[in-house]
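In this note's numbering, the protein residues as written are 2 to 193.
The C-beta atom is built at its ideal place from N, Cα and C for all residues, glycine as well.
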């Protein structure tokens with residue numbers, strides 16, 4: 002599949018949030034508390050009948066780019082579409098390992114290669130391809146530059162930074178921190 006790299010609108014505004022990755026470490030646990038975790042990939046309404054990828058149904062993947070684990074207990078993954086929004090509170094005692102991922106998948110999520118989500122969306126909640134967004138908040142409601150929106154306009158309320166890409170049945174939105182851009186490619190969710 003050809004990787005199509007597209008420039009992120011407002012890249013300069015996000016660059017500071019994604020390049021200042023190391024946050025203060027907890028003295029007693031060695032766990033970084035903030036700054037390194039962000040949305041790495043979003044799969045919206047992936048075609049369950051597609052033979053072009055192994056993933057069926059939607060997901061939001063978080064990644065920890067720090068060299069220490071990050072405690073994400075109580076953080077909220079927010080998804081939105083023109084039909085409504087939903088909030089997924091991450092379970093207590095959850096940390097993302099250094100350079101690891103945390104996968105939130107739809108209730109019907111299935112990966113034919115065996116990937117199982119770390120947490121699931123509630124029944125009936127979907128990420129629409131035509132217009133949607135995803136955002137991450139810590140327990141204090143702070144948004145550490147962890148959001149992405151897609152679609153032709155700013156019609157969703159949970160995010161304001163448009164990725165400049167529109168996902169298809171066979172592609173998900175990926176973030177490339179090296180170039181601070183989003184691109185469409187085959188879905189590749191990874192388990193914790």
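Quickly, what does DSSP pair residue 121 with across the bridge? List them, please.
-> DSSP, once it has assigned bridges, lists 106 as partnering residue 121.
Residue burial classification, residue 117 (beta-carbon count within 10 angstroms, cutoff 16) | Counting every other CB atom within 10 Å of its CB across the protein chains shown gives residue 117 a total below 16, marking it as exposed.
Nearest CA to the CA of residue 143: which residue from 77, 129, 70, 42?
-> Taking residue 143 as reference, the option from 77, 129, 70, 42 with the minimal CA-CA separation is 77.
Could you check where the beta strand (DSSP E) with residue 81 kicks off and where it finishes?
-> Start and end: 77–82.
Name the residue from 105, 114, 57 whose alpha carbon lies nearest to the alpha carbon of residue 49.
-> When C-alpha distances from residue 49 are compared across 105, 114, 57, the shortest belongs to 57.
Cross-strand partners of residue 56 (DSSP beta bridge) | In the DSSP output, where bridge partners are listed per residue, residue 56 has 112.
Which residues mark the beginning and the end of the beta strand (DSSP E) in which residue 135 is found?
-> Following the DSSP letters along the chain, one finds residue 135 inside the beta strand (DSSP E) bounded by residues 133–138.
Does DSSP put residue 127 in a helix, a strand or coil?
-> Reduced to three states, the DSSP call for residue 127 is coil.
6 Å CB neighbourhood of residue 53 in its chain, flanking five on each side removed = Hits under 6 Å: 171.
Cβ atoms of residue 121 and residue 107: under 8 Å apart, would you say?
-> Taking 8 Å as the Cβ cut-off, residue 107 and residue 121 qualify as a contacting pair.
What are the boundary residues of the beta strand (DSSP E) that residue 43 is part of?
-> Residues 38–44.
In the structure shown, what three-state DSSP assignment does residue 172 receive?
-> Residue 172 falls in the coil class under three-state DSSP.
Is residue 147 helix, strand or coil by DSSP?
-> Residue 147: coil per DSSP, three-state reduction.
Would the beta-carbon of residue 180 fall within 8 Å of that of residue 152?
-> Residue 152 sits away from residue 180, with the two beta carbons spaced by 8 Å or more.
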